[in-house]
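Each residue of the sequence shown is one higher than the one before, starting from 19 at the first, in our numbering. Think of the CB as a built atom: it goes at the ideal place given N, C-alpha and C, for glycine as much as any other residue. Being a predicted model, the structure only gives us computed values, none of them experimental. Let me begin by presenting the structure, written as structure tokens, before commenting on it.
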Amino acid sequence: MNEFSKQNKNELKIIALENGAFHKAEKLKIPENIILVFLPPYSPELNPAERIWQIIKQDFTNKLFNTLDELSEFIKCQTQSLTKNIIISACAYSYIFSSIDWAI
């Protein structure tokens, strides 16, 4: 967090996080120019990474990787195969676009 805070020191940084306990370390010191915003519990539709993971894990399920390098290569290929249209169709909910003028 400290290194992230040092980049463009005068910039306010807002980080959206899932509501998991692992994101809430009691001893973590948050720099003044960083704000953590926690998503409501049980709201995967607000986290685009969850939607993309659904696509990737369709091909991931029941695969055996003998090494971390094999797993890494698989994830790399899967993410590189994601097109703009795939991402939009997975993550675009109608309510997202109804009130904001997005540039896509």
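Listed as beta-bridge partners of K94 by DSSP are no residues whatsoever. In the DSSP secondary-structure assignment, K75 is not bridged to any residue. For K102, the enclosing alpha helix (DSSP H) covers residues 102-109. When the alpha-carbon of Y60 is set against those of N51, I48, I93, N37, the nearest one is in N37. Here L30 carries a coil assignment [DSSP, helix/strand/coil]. Across the structure, K75 and N103 are spaced so that their CA atoms are roughly 18 angstroms apart.
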